[in-house]
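In case it helps, our numbering puts the sequence shown at residues 22 to 332.
Note that beta-carbon positions come from the ideal geometry of N, C-alpha and C, so glycine has one too.
So the structure is just underneath, and the comments pick up after that.
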Amino acid sequence: MTTIPANKLLAIIEAQVHLVGLGNDLSAVMDAASAKAVELTDADGAVVELLEEDSIVYRSASGLAEAQLGLRMPVANSLSGRVLTSRTAALCTDSEIDDRVNRDACRKVGLRAMVIVPLIADDEAVAVMKLVWKEPREFKQNEAEIAQLLADMTAMLMQRATREGPNVLKQRMTLDEATGTANRSFFYEQLQAKLTSAQNGHAHLGVAVVRIDGIEKLPEALADISRRIERECRPGDLVARIGHDEFGVILNMASRRSIVTSQLHRISLSVTGESLPGLSDAALRQACHTGSSLYPEDARTAIELVQAARP
């Protein structure tokens with residue numbers, strides 16, 4: 022192992038302290054760890070892929086890989102799968118000439134080089150952290166070591182959940198602690214799956230976004246907002262907190278735009294119908310912004326649907 026510069030070691034230690042402070046919010050832990058890895062290695066993006074039965078799920082994604090958040094892929098015949106099996110890091114300097122990788126998947130993401138390190142909890146490889154670059158490159162700047170140090174701390178925090186029960190880890194990965202609703206990772210996983218279904222059935226799919234400016238400063242009000250949104254949801258809809266002050270809704274029965282518009286109006290009225298602790302009726306109405314999008318008219322990918330819906 023090469024020597025990591027002192028300034029980067031200090032940054033890693035500071036990041037580890039921050040991760041511990043996030044506690045049981047494992048989604049936030051993964052996001053923070055991968056974001057710090059990107060910062061310290063100048064990567065173009067990062068992914069944390071969680072092993073779930075015979076698949077790997079993109080539970081955290083940023084930068085170049087953000088559009089793949091929620092993606093579920095077979096673990097077999099993938100470089101991530103090799104890392105999970107061998108429990109050792111893997112470097113890919115150029116995906117176009119590396120026979121270990123799924124070349125089509127790499128092209129879809131737009132990556133050419135990557136570092137993949139395992140997350141080991143209770144002596145089992147449960148996930149990988151992947152750093153990605155747009156261009157081929159040689160690895161000479163401690164990229165794998167930096168990623169592994171951050172991955173190890175993430176794995177230690179995940180280990181707590183694995184010891185509490187077989188389903189606790191996935192629950193912590195997919196639920197937002199403040200609201201009890203789905204989190205950003207689970208939202209995109211479900212949106213990816215529903216988009217595939219809509220594409221195969223030539224159907225429509227709607228997405229709504231509700232933003233309450235400053236609501237993250239009123240944590241006691243977050244659960245109330247999510248309940249107000251859920252009151253106007255239909256069977257098959259999904260509400261999730263997808264940002265600090267933002268909620269997303271997958272509108273499962275959006276066969277046409279008028280239905281989406283009508284449901285969004287009801288959601289807006291439900292959210293702003295009464296004051297919140299620390300926020301008057303008038304202030305809430307001013308802070309609340311809503312928007313929607315419809316597949317396939319407005320966008321064709323999960324990330325683009327959400328972007329099109331943002332008010």
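Tell me, to the nearest whole angstrom, how far the beta carbon of VAL122 is from that of ALA165; I am working on the premise that it is less than 8 Å.
The Cβ separation is near 16 Å, so there is no contact.
What residue range is occupied by the uninterrupted beta strand (DSSP E) comprising HIS39?
For HIS39, no beta strand (DSSP E) run applies; the uninterrupted alpha helix (DSSP H) run containing it begins and ends at 27-43, by DSSP.
When DSSP builds the beta bridges, which residues end up paired with ILE141?
Paired residue(s): ALA146.
Integer Cβ distance of ASP115 from ALA134, believed to fall under 8 Å:
Correct: roughly 6 Å between the Cβ atoms.
Chain-order list of residues whose beta-carbon lies under 8 Å from that of SER147 (same chain, five-residue window excluded):
One detail in the question is off: residue 147 reads as Val in this sequence, not Ser. Cβ within range, chain order: LEU71, LEU72, LEU140, ILE141, ALA176, MET179, THR183, LEU190.
Start-to-end residues for the beta strand (DSSP E) that takes in SER313
In the DSSP assignment, SER313 falls within the unbroken beta strand (DSSP E) covering 309-316.
For CYS127, which three-state DSSP category applies?
Assigned with DSSP and collapsed to three states, CYS127 falls in helix.
Which listed residue (ASP65, ARG93, LEU61, ALA58) has its alpha carbon closest to that of SER206:
Out of ASP65, ARG93, LEU61, ALA58, ARG93 has the C-alpha closest to the C-alpha of SER206.
For the beta strand (DSSP E) that contains VAL69, what are its first and last residues?
Start and end: 66-73.
To the nearest angstrom, report how far apart GLY235 and GLY201 are at their CA atoms.
Taking C-alpha positions only, GLY235 is separated from GLY201 by approximately 19 Å.
Buried versus exposed, by CB contacts within 10 Å (16 or more), LYS57:
Per the 10 Å Cβ criterion, buried.
Cβ separation of ILE288 and THR311, assumed to be a contact under 8 Å, to the nearest whole Å:
About 7 Å separates the two Cβ atoms, so the contact holds.
Label LEU62 either buried or exposed according to how many other C-beta atoms from any shown protein chain fall within 10 Å of its C-beta, with 16 as the threshold for buried.
Note that residue 62 is Thr in the sequence shown here, rather than Leu. Around the CB of THR62, 16 or more other CB atoms lie within 10 Å, so the residue is classed as buried.
Any 3 or more C-beta pairs closer than 8 Å across the region 255-268 and the region 293-302:
With a cut-off of 8 Å, the region 293-302 and the region 255-268 do not count as touching, because too few Cβ pairs lie within range.
Would a C-beta distance cut-off of 7 Å place ARG80 and MET174 closer than the cut-off?
No, they are not a contact pair.
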